[in-house]
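Residue numbers (the working numbering): 4 to 312.
Here's the structure, in structure tokens; my notes come after.
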């Protein structure tokens with residue numbers, strides 16, 4: 004079995020079988036990262052380009068490590084050190100990169116739709132590493148991988164996603180993925196941060212966090228994205244933390260074996276209390292699993308069949 008597209012642009016439209024294929028393949032590649040020599044020759048001779056138009060630590064490093072552990076040649080390009088500062092367009096940049104015989108182009112961009120725009124104009128595989136307010140598919144895949152690892156399943160569970168839903172591409176990708184896999188998804192946040200019509204994606208809307216996390220198997224906190232917001236969406240950080248921050252008292256309302264998640268970076272004391280982040284979350288497991296998931300995605304987009312354990 005293989006993926007139906009040469010690109011990974013989003014979770015929307017992916018089938019249950021495709022998501023399971025990526026997660027099952029990632030489980031095999033996670034074993035590679037546990038070895039003393041963390042490398043396999045799977046993508047030897049392939050060239051992977053990280054084209055990041057936005058700042059990133061976890062995602063960019065994770066993709067770089069994933070490519071190198073698959074023995075690919077990995078090149079990082081940032082706009083500040085490229086011809087973008089001279090006025091070169093996104094398409095011209097990508098076409099020049101492809102002319103150097105790149106096989107996979109991983110792009111993060113502030114404009115929603117930028118990866119799809121490139122995918123229709125390039126022969127190289129394009130992976131969306133986050134585009135505007137649209138999607139962040141590999142983050143949702145690593146989140147689903149982590150949930151399945153901790154709970155043993157993705158169906159018949161309740162996931163509460165709390166915070167800045169409106170500006171979160173992570174939330175959108177997770178809603179698409181988790182509902183496809185049979186989970187109940189709740190979204191919670193201030194009314195000014197809940198986009199109109201999100202119920203159509205299959206999520207139930209809550210404005211009271213205590214109600215949203217009640218009985219939840221997974222609580223996924225989102226970063227307060229101040230850099231993307233217009234002013235006046237909430238009175239202040241302190242009030243936001245009081246109403247929508249995750250602390251031990253609120254966590255007691257969830258299931259006893261609740262999985263606490265956050266895509267990072269964490270604003271400690273705002274979205275999540277430090278003691279919860281450090282002692283009751285799987286944040287670092289998410290980071291670890293991100294490398295395996297991105298290895299799986301690159302492997303499958305390069306024509307690999309499901310890896311055998």
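Beta carbons are placed, not taken as given, at the ideal position from N, Cα and C, and that holds for glycine.
Under 7 Å between C-beta atoms of residue i and residue j
i, j, result
"residue 55", "residue 111", "yes"
"residue 256", "residue 213", "yes"
"residue 149", "residue 292", "yes"
"residue 193", "residue 169", "no"
"residue 10", "residue 188", "no"
"residue 75", "residue 121", "no"
"residue 64", "residue 105", "no"
"residue 115", "residue 134", "yes"
"residue 285", "residue 298", "no"
"residue 61", "residue 290", "yes"
"residue 101", "residue 127", "yes"
Buried versus exposed, by CB contacts within 10 Å (16 or more), residue i
i, result
"residue 191", "buried"
"residue 13", "buried"
"residue 300", "buried"
"residue 200", "exposed"
"residue 83", "exposed"
"residue 259", "exposed"
"residue 144", "buried"
"residue 277", "exposed"
"residue 252", "exposed"
"residue 274", "buried"
"residue 69", "buried"
"residue 40", "exposed"
"residue 211", "exposed"
"residue 146", "buried"
"residue 58", "exposed"
"residue 294", "buried"
"residue 113", "exposed"
"residue 173", "buried"
Alpha-carbon spacing of residue i relative to residue j, whole angstroms
i, j, result
"residue 38", "residue 73", "13 Å"
"residue 156", "residue 303", "22 Å"
"residue 309", "residue 240", "Note that residue 309 has pLDDT 48, beneath the 50 cutoff, so the model's placement of it is unreliable and no number is given."
"residue 306", "residue 166", "38 Å"
"residue 163", "residue 221", "6 Å"
"residue 137", "residue 282", "31 Å"
"residue 296", "residue 36", "11 Å"
"residue 131", "residue 123", "13 Å"
"residue 42", "residue 71", "7 Å"
"residue 141", "residue 85", "25 Å"
"residue 224", "residue 179", "17 Å"
"residue 108", "residue 52", "5 Å"
"residue 154", "residue 19", "18 Å"
"residue 247", "residue 21", "34 Å"
"residue 175", "residue 266", "13 Å"
"residue 15", "residue 269", "26 Å"
"residue 119", "residue 160", "32 Å"
"residue 27", "residue 7", "16 Å"
"residue 4", "residue 151", "21 Å"
"residue 215", "residue 205", "15 Å"
"residue 207", "residue 218", "14 Å"
"residue 97", "residue 125", "8 Å"
"residue 227", "residue 17", "28 Å"
"residue 25", "residue 250", "33 Å"
"residue 195", "residue 272", "21 Å"
"residue 79", "residue 93", "15 Å"
"residue 77", "residue 34", "21 Å"
"residue 90", "residue 171", "29 Å"
"residue 243", "residue 23", "36 Å"
"residue 185", "residue 177", "12 Å"
"residue 88", "residue 139", "26 Å"
"residue 254", "residue 262", "10 Å"
For residue i, the first and last residue of its enclosing alpha helix (DSSP H)
i, result
"residue 299", "286–304"
"residue 131", "Element bounds for residue 131: not the alpha helix (DSSP H) but the beta strand (DSSP E), 128–134."
"residue 242", "240–247"
"residue 124", "From DSSP, residue 124 is part of no alpha helix (DSSP H); its letter is neither H nor E."
"residue 255", "Looking at the DSSP string, residue 255 is not in any alpha helix (DSSP H), and its letter there is neither H nor E."
"residue 21", "19–36"
"residue 172", "172–183"
"residue 10", "No alpha helix (DSSP H) contains residue 10, which DSSP labels as neither H nor E."
"residue 282", "277–282"
First through last residue of the beta strand (DSSP E) which encompasses residue i
i, result
"residue 264", "262–264"
Below-7 Å beta-carbon distance, residue i vs any chain D residue
i, result
"residue 4", "Reference to chain D is not applicable here, since this structure consists of a single protein chain."
Taking only runs that begin and end inside the segment 190–235, name each unbroken beta strand (DSSP E) of 3 or more residues, in chain order.
206–209, 221–224
Give the list of continuous beta strand (DSSP E) stretches no shorter than 3 residues that lie fully inside the segment 39–121.
50–55, 76–80, 107–112
Report the start-end ranges of each alpha helix (DSSP H) in the segment 135–164 that is 4 residues or longer and not cut off at the edges.
140–154
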